[in-house]
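There are 2 protein chains.
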Amino acid sequence: MASSKVIEVFYDVVSPYSWLGFEVMCRYRNVWNIDLKLRPAFLGGVMKGAGNKPPGLVPNKFLYMSKDLDRLAQYCNVPLQPPSNPAEAMFEKGSLAAMRFVTAVQDRESGGDKQTENVSRELWRRIWSLDQDITQPDSLTEAAVKAGLSHKEIEEALALATTDGIKDKLKNATQEALEHGAFGFPMIVCHVDGKKEMFFGSDRFELMAHCIGEKWLGPQPDKVQANL
Amino acid sequence: MASSKVIEVFYDVVSPYSWLGFEVMCRYRNVWNIDLKLRPAFLGGVMKGAGNKPPGLVPNKFLYMSKDLDRLAQYCNVPLQPPSNPAEAMFEKGSLAAMRFVTAVQDRESGGDKQTENVSRELWRRIWSLDQDITQPDSLTEAAVKAGLSHKEIEEALALATTDGIKDKLKNATQEALEHGAFGFPMIVCHVDGKKEMFFGSDRFELMAHCIGEKWLGPQPDKVQANL
Chain W
1 MASSKVIEVF
11 YDVVSPYSWL
21 GFEVMCRYRN
31 VWNIDLKLRP
41 AFLGGVMKGA
51 GNKPPGLVPN
61 KFLYMSKDLD
71 RLAQYCNVPL
81 QPPSNPAEAM
91 FEKGSLAAMR
101 FVTAVQDRES
111 GGDKQTENVS
121 RELWRRIWSL
131 DQDITQPDSL
141 TEAAVKAGLS
151 HKEIEEALAL
161 ATTDGIKDKL
171 KNATQEALEH
181 GAFGFPMIVC
191 HVDGKKEMFF
201 GSDRFELMAH
211 CIGEKWLGPQ
221 PDKVQANL
Chain X
1 MASSKVIEVF
11 YDVVSPYSWL
21 GFEVMCRYRN
31 VWNIDLKLRP
41 AFLGGVMKGA
51 GNKPPGLVPN
61 KFLYMSKDLD
71 RLAQYCNVPL
81 QPPSNPAEAM
91 FEKGSLAAMR
101 FVTAVQDRES
111 GGDKQTENVS
121 RELWRRIWSL
131 DQDITQPDSL
141 TEAAVKAGLS
151 HKEIEEALAL
161 ATTDGIKDKL
171 KNATQEALEH
181 GAFGFPMIVC
191 HVDGKKEMFF
201 GSDRFELMAH
211 CIGEKWLGPQ
221 PDKVQANL
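So the protein lines, in turn, are chains W and X. Read in order, the letters of the first sequence correspond to residues 1 to 228 in full-length UniProt numbering. Read in order, the letters of the second sequence correspond to residues 1 to 228 in full-length UniProt numbering.
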């Protein structure tokens with residue numbers, strides 16, 4: 001049954017706060033009466049388009065974010081571990097190939113977005129848990145195998161990811177995020193009763209629940225529900 | 001009874017997110033088993049010392065913050081209204097005189113910090129609710145009258161606020177915030193069992209509660225408790 005509450009999650013696997021937001025929203029897709037739409041996009045394009053700078057350039061902010069991510073990861077039960085060289089992983093290597101691949105997987109997928117969800121998660125696990133590459137075709141393949149895709153599906157998605165069609169699709173998603181007012185990820189756009197509410201980051205879930213008329217049960221709703 | 005959980009709230013009345021954090025923490029001082037310490041400090045000095053820039057310089061971020069503050073103010077039940085010219089109020093006029101005055105009020109006060117709390121709140125109400133000045137002695141006097149201080153107390157605090165002793169006290173509090181890792185306000189430092197946990201902003205209360213072993217009841221705990 002289609003819900004009248006549509007929630008779009010714009011994310012990039014290069015962003016650790018996006019991983020937290022993504023997992024929390026995936027957990028709530030069956031708890032809240034919502035229709036969740038995964039919107040892979042390119043954070044580099046959003047930062048450039050919005051004229052924003054990475055927060056980690058301020059030393060005290062960088063130190064705080066490391067601690068904050070560590071505490072939040074534990075609290076949210078997401079196995080987040082910073083890569084050994086975050087600047088290299090995030091800014092030098094980046095996520096353009098990875099997000100084109102996710103976009104291709106989503107483009108091929110019909111009847112839901114389970115593959116998109118699983119491939120995104122496996123890519124996060126590589127860069128933000130296992131300190132592994134996400135730029136090379138072999139890396140994308142390994143993530144997709146773990147996500148349950150067949151070799152044929154992976155081969156097709158890898159080929160598709162380099163086409164102009166998919167490059168444009170990712171550009172368009174990024175542009176759409178900017179038009180919603182994005183200046184970073186995750187950005188979560190709630191469409192309820194013809195109105196739009198945008199939330200940035202992974203720290204507005206309680207407020208979001210209040211705004212869309214749902215109940216916030218913390219970042220691990222299954223744990224709470226099991227105890228009811 | 002002194003609690004073993006000491007929570008310091010570093011704030012500046014120029015900062016609207018500080019107002020939200022301040023009110024929420026003041027509400028929890030009798031809900032959680034904590035010893036709350038109000039730490040007036042100077043945001044301008046923290047931003048300079050940390051090499052940070054105001055977030056509102058990125059246009060999409062500025063637009064988002066306006067919306068975010070509006071939603072949070074309603075949800076937290078704090079009568080926050082942006083001044084007609086936020087840049088003038090925050091950056092041109094600033095809060096140095098106001099925070100020296102709050103520091104003087106706190107310095108004079110014995111047996112608690114009720115005056116400090118009330119004067120801070122009335123200053124926030126002026127700049128972040130009523131679009132009124134907080135730089136002139138008359139403005140500080142009006143806020144202090146509303147906060148319940150006598151004319152003699154106000155006169156003494158105004159005189160004290162211009163002394164080197166108070167100027168240094170505010171500088172030292174600001175420096176202490178930087179040494180705790182601040183890059184903006186509010187910054188909340190929890191001291192529990194000899195360990196220190198620092199939280200930036202007004203969006204980590206649920207996580208903070210988890211970290212210090214208390215229960216988060218939302219930003220209006222009295223409302224929740226009244227329904228129990």
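Where a beta carbon is used, it is the ideal one built from N, C-alpha and C, also for glycine.
Q. When the Cα of LEU149 of chain W is compared with those of W:TRP216, W:PHE183 and W:LYS114, which residue comes out closest?
A. W:LYS114
**Q.** Beta-carbon proximity list for ALA73 of chain W, same chain, < 6 Å, skipping 5 on both sides
**A.** LEU80
Q: Measure the CB-CB distance between PHE185 of chain W and PHE10 of chain W and report whether it falls below 9 Å.
A: yes
Q. Cα separation between SER139 of chain X and ASN77 of chain X?
A. 25 Å
Q: Taking 8 Å as the threshold, find out whether the region 127 to 139 of chain W comes into contact with the region 93 to 111 of chain W through three or more Cβ pairs.
A: yes
Q) Which residues, in chain order, does the region 65 to 88 of chain W contribute to contact with chain X at a C-beta distance below 7 Å? A) ARG71, LEU72 and TYR75
Q: Could you give the DSSP three-state label for GLU8 of chain W: helix, strand or coil?
A: strand
Q. If MET25 of chain W and LEU43 of chain W are in contact, beta carbons under 8 Å, what's the gap, nearest whole angstrom?
A. Incorrect: roughly 17 Å between the Cβ atoms, too far for contact.
Q: Using alpha carbons as the reference points, say which of X:LEU178, X:ALA98 and X:LEU130 lies closest to SER120 of chain X.
A: X:ALA98
Q. If the cut is a Cβ gap below 7 Å, which residues of chain X does ALA182 of chain W touch?
A. ASN60
(Q) Spatial neighbours of ASN118 of chain W within its chain, please: C-beta separation below 7 Å, excluding the five flanking residues on both sides. (A) ALA147 and GLY148
Q) If you drop the 5 nearest sequence neighbours on each side, which residues of the same chain put their C-beta closer than 6 Å to that of ILE154 of chain W? A) THR141 and ALA144
Q) What residues in the region 168 to 193 of chain X bring their beta carbon closer than 7 Å to a beta carbon of chain W? A) GLY181, ALA182 and PHE183
**Q.** chain W residues whose Cβ lies nearer than 9 Å to that of ARG204 of chain X
**A.** ASP68, ARG71, LEU72 and ASP203
Q) Going along chain X in order, which residues have a C-beta closer than 9 Å to the C-beta of CYS26 of chain W? A) Here the premise fails: no neighbours, minimum Cβ distance about 19 Å.
**Q.** Under 8 Å by beta carbon: chain W residues contacting MET90 of chain X
**A.** What MET90 of chain X touches in chain W: nothing, since even the nearest Cβ is about 19 Å away.
(Q) If you measure between the beta carbons of HIS191 of chain W and VAL6 of chain W, is that distance less than 9 Å? (A) yes
(Q) Once DSSP output is grouped into helix, strand and coil, what is the label at HIS210 of chain X? (A) helix
Q | Boundaries of the alpha helix (DSSP H) in which VAL46 of chain X is found, first to last residue | A | 43 to 50
Q. Among residues of its own chain, excluding the 5 on either side of GLU109 of chain X, which ones have a beta-carbon nearer than 7 Å to its beta-carbon?
A. GLN115 and THR116
**Q.** CB contact flag (ALA104 of chain W, ASN60 of chain X, <9 Å)
**A.** no
Q: Measure from the C-beta of residue 250 of chain X to each C-beta in chain W and report whether the shortest distance is under 9 Å.
A: The structure shown does not extend to residue 250 of chain X, since chain X spans only 1 to 228, so no value can be given for it.
Q) Is it buried or exposed for LEU123 of chain X, if we count other Cβ within 10 angstroms and need 16 for buried? A) buried
(Q) Less than 6 Å between C-beta atoms, sequence neighbours within five positions excluded: which residues of the same chain meet that for ASP131 of chain X? (A) PRO83 and SER84
Q.
I want to verify the contact list: residues of chain W whose CB lies under 7 Å from the CB of PHE200 of chain X, in sequence order.
A. TYR64
Q: Report yes if the CB atom of ALA87 of chain W is closer than 9 Å to the CB atom of GLY45 of chain W, and no otherwise.
A: no
Q) Helix, strand or coil for ARG204 of chain X per DSSP? A) coil
Q: Specify the secondary structure class of ASP35 of chain W as computed by DSSP and reduced to three states.
A: strand
Q: Measure the C-alpha to C-alpha separation of LYS196 of chain X and LEU207 of chain X and round it to an integer number of angstroms.
A: 14 Å
Q. Which bits of chain W does LEU207 of chain X rub up against, with CB to CB less than 8 Å?
A. ARG71, LEU72 and TYR75
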